Amino acid sequence: MDKNFYSQQTTECSKRKVSFVTLGCKVNQYDTDAMRDLFLKRGYVSVQEGEADVYVINTCSVTQTGDKKSRQMIRRIHREHPRAVIAVSGCYAQLAPDEIKKIDGVGVVVGTQNRARIVDYAEEAMKGRTVNAVSDIMECREFEELPVDGHDIDKTRAFMKIQEGCNNYCTFCIIP
3 MDKNFYSQQT
13 TECSKRKVSF
23 VTLGCKVNQY
33 DTDAMRDLFL
43 KRGYVSVQEG
53 EADVYVINTC
63 SVTQTGDKKS
73 RQMIRRIHRE
83 HPRAVIAVSG
93 CYAQLAPDEI
103 KKIDGVGVVV
113 GTQNRARIVD
123 YAEEAMKGRT
133 VNAVSDIMEC
143 REFEELPVDG
153 HDIDKTRAFM
163 KIQEGCNNYC
173 TFCIIP
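In the working numbering, the protein residues as written are 3 to 178.
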């Protein structure tokens, strides 16, 4: 990753661009909207296609197919946009952060907690630092609040998150 690329690009273009890829469930769709809001509040422009400075891939791990699709998406984004920072969040990132860090192009691994700081982590990665912000979900005693303002939702329906996890410990679910 060329460390000077980002400082040169920022002077050429006043706003940095971020793009999001969401794999998996409606919880991930909500979390992606919340992370998009965090970037927008920091002055980023959300783009659907094209060259972004940061790509956030919100992953799924409900099945091995979900893991595989997550890895394929990370590799495809890196192949198509080798200078961009790739931030990986979601359930697959929570379960396999060391595996994800080994994939070329990954600058940030954030899992299912600490997403409120994803913009800071992405900016650290722009400086050439790799960030692994995955913490042990079973030690989590407080749920992270990620509100969605809704001012830039590109869908006709929005999700209202009424719960973050439960005490049933379903085998397919990473959210406690």
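Note that the Cβ used here is the ideal one computed from N, Cα and C, for glycine as well.
Quick caveat, the model's predicted, so the values are computed rather than measured.
Name, in chain order, the residues that DSSP records as bridge partners for residue i.
i, result
"T61", "G92"
"K17", "According to DSSP, which records beta bridges pairwise, K17 is partnered with nothing at all."
"N134", "V111"
"F22", "V58"
"V121", "Its beta-bridge partners do not exist; DSSP assigns none."
"V87", "V56"
"V47", "K19"
For residue i, count neighbouring Cβ atoms within 10 angstroms of its own Cβ and tell me buried if that reaches 16, exposed if not.
i, result
"D33", "buried"
"P99", "buried"
"G113", "buried"
"G26", "buried"
"D55", "buried"
In the DSSP assignment, find the beta strand (DSSP E) that holds residue i and state where it starts and stops.
i, result
"V108", "V108 to G113"
Taking residue i as part of the alpha helix (DSSP H), name the residues at either end of that continuous run.
i, result
"D69", "Q66 to E82"
"L40", "K28 to K43"
"D100", "P99 to K103"
Shortest alpha-carbon distance to residue i belongs to which of the options?
i, options, result
"V110", "S63, A118 and Y123", "Y123"
"Y57", "T65, K70, R85 and K43", "R85"
"E53", "Q96, H83, R119 and V64", "H83"
"Q50", "V90, T24, R81 and V150", "T24"
"V121", "D151, G107, K103 and I88", "I88"
"K43", "A135, A118, M128 and V136", "A118"
"L148", "I79, A36 and N30", "A36"
Check the Cβ-Cβ distances between residue i and every residue of chain B, and say whether any is below 7 Å.
i, result
"D151", "Protein chain content of the structure displayed is limited to a single chain, and chain B is not contained in it."
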